[in-house]
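Student: Residue numbers (the numbering used here), protein chains in the order written: chain A, 1 to 76; chain B, 77 to 152; chain C, 153 to 228; chain D, 229 to 304; chain E, 305 to 380; chain F, 381 to 456; chain G, 457 to 532.
Beta carbons are placed, not taken as given, at the ideal position from N, Cα and C, and that holds for glycine.
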Amino acid sequence: MPAENSPIKALEQRLSDIVSIKLKDDRIFRGRLTRCDQYMNLTLGDAVELENDETKAKYGSILIRGNNILWIQIPE
Amino acid sequence: MPAENSPIKALEQRLSDIVSIKLKDDRIFRGRLTRCDQYMNLTLGDAVELENDETKAKYGSILIRGNNILWIQIPE
Amino acid sequence: MPAENSPIKALEQRLSDIVSIKLKDDRIFRGRLTRCDQYMNLTLGDAVELENDETKAKYGSILIRGNNILWIQIPE
Amino acid sequence: MPAENSPIKALEQRLSDIVSIKLKDDRIFRGRLTRCDQYMNLTLGDAVELENDETKAKYGSILIRGNNILWIQIPE
Amino acid sequence: MPAENSPIKALEQRLSDIVSIKLKDDRIFRGRLTRCDQYMNLTLGDAVELENDETKAKYGSILIRGNNILWIQIPE
Amino acid sequence: MPAENSPIKALEQRLSDIVSIKLKDDRIFRGRLTRCDQYMNLTLGDAVELENDETKAKYGSILIRGNNILWIQIPE
Amino acid sequence: MPAENSPIKALEQRLSDIVSIKLKDDRIFRGRLTRCDQYMNLTLGDAVELENDETKAKYGSILIRGNNILWIQIPE
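Okay, here's the thing in C-alpha cells:
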C-alpha cells in the first residue's frame with residue numbers, strides 16, 4: 001500500500017502540532033507532538049491531562065507508550 | 077490466499093468512503109476513511125462519535141489504533 | 153503439518169457460505185463469509201447480529217478483526 | 229528440543245480423537261479434533277458445549293481460535 | 305546468555321518429574337511433565353486440579369497453553 | 381523515520397536523569413534512569429513509589445518491565 | 457544501544473543474588489535468582505511468597521513466566 005496512505009506517516013507529518021490523545025483508561029492528554037515511532041510510542045511537549053476539557057495536571061515533557069493509545073485527534 | 081480475498085485489501089478499496097467503526101470499549105466512530113494499514117490503524121476525516129445513532133462528539137481528523145477495533149461497517 | 157489440516161485453510165474453503173461468529177464480548181454475528189486472512193480477520197456480507205437466535209441488528213457488509221473472535225461455526 | 233517432545237505435535241497425533249477444550253471464559257467444548265495448527269487454532273466436528281458435564285448446545289463443525297484456549301484434555 | 309541459564313531448558317530437564325502449575329485464573333494443576341516447548345506450552349500426564357492442596361478433579365492427559373501460566377513449581 | 385525522532389532514543393538520552401513512571405495499575409515510581417531498552421524495559425536507581433506526591437515505599441534499584449508502562453515523565 | 461545499558465543484562469549479572477519480584481496480580485515472590493532469559497522468564501531457588509513482608513508460602517524451586525512480572529527489586 002502506498003506510503004501516503006499510512007496512518008503512521010500521517011502522524012509523523014504532524015510533528016510540532018498540538019494533538020489530543022485518548023488512552024485506553026479514558027485519560028486524555030494534549031500537547032505538542034515532538035516524536036513518534038511505528039508503534040505509536042510518542043513524546044509530547046507542554047503536555048497536560050484534560051478532564052471535561054479543563055487542565056487537570058501539567059506534565060511538561062512526557063513519553064506515552066503506544067499500546068495504551070485508543071485514538072489521536074489531529075488538527076485539521 | 078489470493079489478494080482479492082484479503083479483508084485488509086477490501087478496506088483499502090473503501091478509502092474516501094464513510095465507514096462506522098466499533099471499538100472494544102463499545103464506542104462507535106463514523107467518518108470518511110482517509111488512510112489504513114495492515115494492522116487496521118486508520119484515519120478518519122470528519123469523524124464523529126455516535127451514541128444511539130446520534131452524534132455525541134465531533135473530532136475532525138482522528139487516527140484510531142487498529143488493535144482497539146472490534147469491527148468496521150463498510151457501505152454496500 | 154500438511155495444509156489440509158490447517159483450520160485457516162478450512163475457513164477459506166467456506167467462502168460464500170453462511171457462518172456464525174462468536175466474539176469475545178459474547179456477541180454473535182451471522183453472515184456470508186466473503187473474505188478471510190491468516191489472522192482470522194474476515195468480512196461478512198448481509199451480516200446480522202443475533203440475540204437469542206433472533207436478529208438484533210443488520211450491518212450489511214462488515215469487517216471483523218480476527219483477534220476478537222472466540223469461535224466460528226461452520227455449516228456441515 | 230526434539231519434535232517428539234512438542235505439545236503441539238502431540239495434539240496433531242490425536243486428530244480424529246474426541247477432546248475436551250476449556251476456554252478462558254470457562255466454557256467447555258467437546259468434539260472430534262479434525263484440524264489444528266501451531267497456534268492451537270483448531271476445528272472440532274460434532275462439537276457440543278458442556279455445562280456440568282451435560283450438553284448445553286450443539287454446534288456441528290466449529291473453528292476455535294487458539295489464543296482463547298486454557299487447556300485441552302486428551303484421551304489416554 | 306549461555307543455554308544452561310535458560311529457564312525453559314531447566315524445564316525440559318524435568319521431563320517425567322511431577323510439577324505444579326499455577327494458571328493466571330488461580331487454578332493449580334499437578335501432574336507428570338511429559339512435553340514442553342519454548343512458549344511453555346506443555347503436557348501433563350495423570351493431571352489433577354488442586355484446591356487447598358486436595359484433588360478437585362482428575363484430567364488424565366492434558367495440554368496447557370503456555371500463555372496462561374503464572375508459575376511452575378519444580379521439585380528440588 | 382530519522383533516529384532523532386525516536387521516542388526510545390529520547391529516553392536513552394535521559395540516562396542518569398530523574399524520571400517519573402506511571403504504570404497501567406496507576407502506581408507511580410520515581411528514580412534515576414540507569415538503563416533502558418527498545419521495549420521500555422528499564423532500571424531505576426534510588427527508586428521510590430509515590431502516592432499523592434509523597435513517598436509511599438523505597439525500593440533501591442528496581443527493574444520495571446516495559447509493557448506495564450503507561451507513560452514516562454521526562455524532566456525539561 | 458550499548459549492552460551495558462540493557463536492563464536484561466543487568467538482571468543476568470545478579471544471578472545467585474536474592475531478588476523480590478512483583479507480579480501483575482500483586483503477589484510478591486522472593487528467592488535466589490538462578491536463571492533468566494530475554495523475556496524475563498526466570499527461576500528462583502528457595503522461593504517464598506510474601507504478604508506484608510512475612511512469608512506466606514514456601515515453593516522451593518519455581519519458574520516464573522516473564523510476561524506476568526511488574527517489577528523486580530534488585531539488591532544494591
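Give a yes or no on whether the C-beta atoms belonging to I180 (chain C) and I216 (chain C) are separated by under 9 Å.
Tutor: Counted from its first residue, the third sequence places residue 180 (chain C) at position 28. Counted from its first residue, the third sequence places residue 216 (chain C) at position 64. No, they are not a contact pair.
Student: Consult DSSP for K100 (chain B) and reduce its assignment to one of helix, strand or coil.
Tutor: Here residue 100 (chain B) refers to the residue found at position 24 when the second sequence is read from its first residue. Looking at K100 (chain B) - three-state DSSP - the assignment turns out to be coil, as it is neither helix nor strand.
Student: Spell out a yes or no on whether the segment 347-358 of chain E and the segment 404-423 of chain F are touching, meaning 3 or more CB-CB pairs, one atom from each, closer than 8 Å.
Tutor: Too few Cβ pairs lie closer than 8 Å, so no.
Student: What are the boundary residues of the alpha helix (DSSP H) that L91 (chain B) is part of?
Tutor: Translated into positions along the second sequence, residue 91 (chain B) becomes position 15. Looking at the DSSP string, L91 (chain B) is not in any alpha helix (DSSP H), and its letter there is neither H nor E.
Student: Look at the alpha carbon of W527 (chain G) and the alpha carbon of K465 (chain G), and state the distance between them as a whole number of angstroms.
Tutor: In the seventh sequence, residue 527 (chain G) corresponds to position 71, counting from 1. In the seventh sequence, residue 465 (chain G) corresponds to position 9, counting from 1. So the alpha carbons of these two residues sit roughly 15 Å apart.
Student: So which of F:E392, F:L430, F:D406 has the shortest CA-CA distance to T423 (chain F)?
Tutor: Within the sixth sequence, the letter at position 43 stands for residue 423 (chain F). T423 (chain F) has its Cα closest to that of F:E392, out of F:E392, F:L430, F:D406.
Student: Taking a Cβ distance cut-off of 7 Å, strictly less, list which residues of the segment 8-19 of chain A are near chain B, in chain order.
Tutor: Within the segment 8-19 of chain A, the qualifying residues are I8, A10, L11.
Student: So N372 (chain E) and L337 (chain E) are in contact, right, with Cβ under 8 Å, and what is the actual spacing, rounded?
Tutor: The count along the fifth sequence starts at 1 and reaches residue 372 (chain E) at position 68. The count along the fifth sequence starts at 1 and reaches residue 337 (chain E) at position 33. Actually they are not in contact, since the Cβ atoms of N372 (chain E) and L337 (chain E) sit about 16 Å apart, beyond 8 Å.
Student: Can you list the residues of chain G that L403 (chain F) reaches, using a CB-CB cut of under 9 Å?
Tutor: On the sixth sequence, position 23 is the one that residue 403 (chain F) refers to. In chain order: L526, W527.
Student: Using the DSSP secondary-structure output, state which residues sit across from R108 (chain B) in a beta bridge.
Tutor: Taking the second sequence and counting its residues from 1, the one referred to as residue 108 (chain B) is at position 32. Note: R108 (chain B) sits in a beta bridge opposite B:I94, B:G121.
Student: If you draw a straight line from the alpha carbon of Y135 (chain B) to that of D17 (chain A), how long is it in whole angstroms?
Tutor: As a first step, residue 135 (chain B) must be located in the second sequence, where it is residue number 59. As a first step, residue 17 (chain A) must be located in the first sequence, where it is residue number 17. Their Cα atoms are separated by approximately 16 Å.
Student: Check whether the Cβ of G288 (chain D) lies closer than 9 Å to any Cβ atom in chain C.
Tutor: Along the fourth sequence, read from residue 1 onward, the residue named residue 288 (chain D) stands at position 60. It does: the Cβ of G288 (chain D) has a partner Cβ on chain C nearer than 9 Å.
Student: If you drop the 5 nearest sequence neighbours on each side, which residues of the same chain put their C-beta closer than 6 Å to that of P151 (chain B)?
Tutor: The count along the second sequence starts at 1 and reaches residue 151 (chain B) at position 75. So the list reads D93, once near-sequence residues are dropped.
Student: Below 9 Å between beta carbons: does that hold for R339 (chain E) and S234 (chain D)?
Tutor: Taking the fifth sequence and counting its residues from 1, the one referred to as residue 339 (chain E) is at position 35. Taking the fourth sequence and counting its residues from 1, the one referred to as residue 234 (chain D) is at position 6. A contact, by the Cβ cut-off of 9 Å.
Student: Which partner residues of Q377 (chain E) appear in the DSSP bridge assignment?
Tutor: Counted from its first residue, the fifth sequence places residue 377 (chain E) at position 73. Beta-bridge pairing links Q377 (chain E) to E:S324, G:I518.
Student: Report all residues from its chain with a CB closer than 6 Å to the CB of G294 (chain D); omit the five preceding and five following residues, and keep chain order.
Tutor: Walking along the fourth sequence from the start, residue 294 (chain D) turns up at place 66. Once the five neighbours on either side are set aside, the close Cβ partners of G294 (chain D) are Y267, M268, N269.
Student: So which residues of chain D does I226 (chain C) contact, with C-beta pairs closer than 8 Å?
Tutor: As a first step, residue 226 (chain C) must be located in the third sequence, where it is residue number 74. Near I226 (chain C) (Cβ distances below 8 Å), the residues of chain D are T271, G288, S289, I290, L291.
Student: Could you name the residues of the same chain whose beta carbon sits closer than 8 Å to that of L430 (chain F), not counting the 5 residues immediately before and after it, in chain order?
Tutor: If you number the sixth sequence from 1, residue 430 (chain F) lands on position 50. Counting only Cβ-Cβ distances below 8 Å, and skipping sequence neighbours, we find S400, I408, F409, R410, K436.
Student: Check whether chain A comes within 9 Å of G446 (chain F), counting only Cβ atoms and requiring the distance to be less than that.
Tutor: Locating residue 446 (chain F) in the sixth sequence gives position 66, where the first residue counts as 1. So, interface residue.
Student: Any C-beta of chain I sitting closer than 9 Å to the C-beta of N233 (chain D)?
Tutor: Among the protein chains of the structure shown, namely A, B, C, D, E, F and G, there is no chain I.
Student: Just to confirm my understanding: we take L319 (chain E), look at its own chain, exclude 5 residues before and 5 after, and list those with CB closer than 6 Å. What are they?
Tutor: Start at 1 with the first residue of the fifth sequence, and residue 319 (chain E) comes out as number 15. Only L337 meet the Cβ criterion.
Student: Counting only the same chain and skipping the five closest in sequence on each side, list residues whose C-beta sits under 6 Å from that of A427 (chain F).
Tutor: Numbered from its first residue, the sixth sequence carries residue 427 (chain F) at position 47. For A427 (chain F), where only same-chain residues beyond five positions count, the Cβ hits under 6 Å are F409, G411, Y439, I442.
Student: Would T490 (chain G) count as contacting chain E if we go by Cβ distances under 9 Å?
Tutor: Counting from one through the seventh sequence, the residue named residue 490 (chain G) turns up at place 34. T490 (chain G) counts as touching chain E.
Student: Between which residues of its own chain and G121 (chain B) is the CB-CB distance below 7 Å, once the five residues before and five after are set aside?
Tutor: Within the second sequence, the letter at position 45 stands for residue 121 (chain B). Correct list, in chain order: G107, R108, T110, S137.
Student: Enumerate in chain order the residues of its own chain whose CB-to-CB distance from Q529 (chain G) is below 7 Å, with the five nearest sequence positions on each side excluded.
Tutor: Here residue 529 (chain G) refers to the residue found at position 73 of the seventh sequence. Cβ neighbours of Q529 (chain G) beyond the five flanking positions: V475, S476.
Student: To which residues of the same chain is D253 (chain D) closer than 8 Å at the C-beta, ignoring the five residues directly before and after it?
Tutor: Counting from 1 along the fourth sequence, the entry for residue 253 (chain D) is found at position 25. Contacts found: N296.
Student: Give the residues of chain D in contact with D341 (chain E), contact being defined as C-beta atoms less than 8 Å apart.
Tutor: By one-based count along the fifth sequence, residue 341 (chain E) stands at place 37. Within chain D, the residues near D341 (chain E) are M229, N233, S234, P235, I236.
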